[in-house]
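**Student:** My structure is below; once you've seen it, I'll send some questions.
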Amino acid sequence: MADWVDVAGVNEIPPGGSKVVYVEDAKIALFNLGGSFHAIEDVCTHDGEELASGKIEGEEIVCPRHGARFRIKTGEVTAPPAYEPVYAFPLRVQDGRIQIRDDRWE
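In this note's numbering, the protein residues as written are 1302 to 1407.
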């Protein structure tokens, strides 16, 4: 089982904001949606563009290159040109710290 990794403090990501972190080889985008934190892989499944600098609209992130949309909470695709979801990492907050696990290979 993958271990929880401490990646950021909750005060580092303001509401409506994002932050990119790395866990081993994974580039991960953290988001604060009104005090609720979420983590998805920071790679658009359409063309490999990073997502974190895209526009957050509601609970979706819009890819800055071609406009594909992904649901931040689940990684689900909500608009093409992407058709494959991005991975949503398990996340928890403990003692004001955001922790994630990369359990894709379990």
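No residue lacks a Cβ here, since even glycine has one placed at the ideal position from N, Cα and C.
Where do the ends of the beta strand (DSSP E) carrying Ser1354 lie?
**Tutor:** Premise fails: Ser1354 is in no beta strand (DSSP E) and is neither H nor E.
**Student:** Between which two residues does the beta strand (DSSP E) carrying Gly1310 extend?
**Tutor:** 1306 to 1310
**Student:** Should the stretch 1363 to 1380 be regarded as contacting the stretch 1341 to 1348, the criterion being three or more beta carbon pairs within less than 8 Å?
**Tutor:** Three or more Cβ pairs closer than 8 Å define a contact, and the stretch 1363 to 1380 meets that threshold against the stretch 1341 to 1348.
**Student:** Return the CA-CA distance between Leu1331 and Arg1372, expressed in angstroms with no decimal places.
**Tutor:** Spanning the two alpha carbons is a distance of roughly 13 Å.
**Student:** Write down the C-beta distance between Val1387 and Ile1341 rounded to the nearest angstrom, noting that I regard them as a contact closer than 8 Å.
**Tutor:** That pair is a contact at about 5 Å.
**Student:** For the stretch 1321 to 1370, which segments carrying the beta strand (DSSP E) assignment without a break, of at least 3 residues, lie completely within its bounds, in sequence order?
**Tutor:** 1327 to 1334, 1337 to 1342, 1356 to 1358, 1361 to 1363
**Student:** Please go through the same chain and pick out, in chain order, the residues whose beta-carbon is closer than 7 Å to the beta-carbon of Ala1327, but skip the five residues on each side of it.
**Tutor:** Glu1342, Asp1403
**Student:** Please say whether Gly1336 and Gly1397 have beta carbons closer to each other than 8 Å?
**Tutor:** Between Gly1397 and Gly1336, the C-beta gap is not smaller than 8 Å, which leaves the two residues out of contact.
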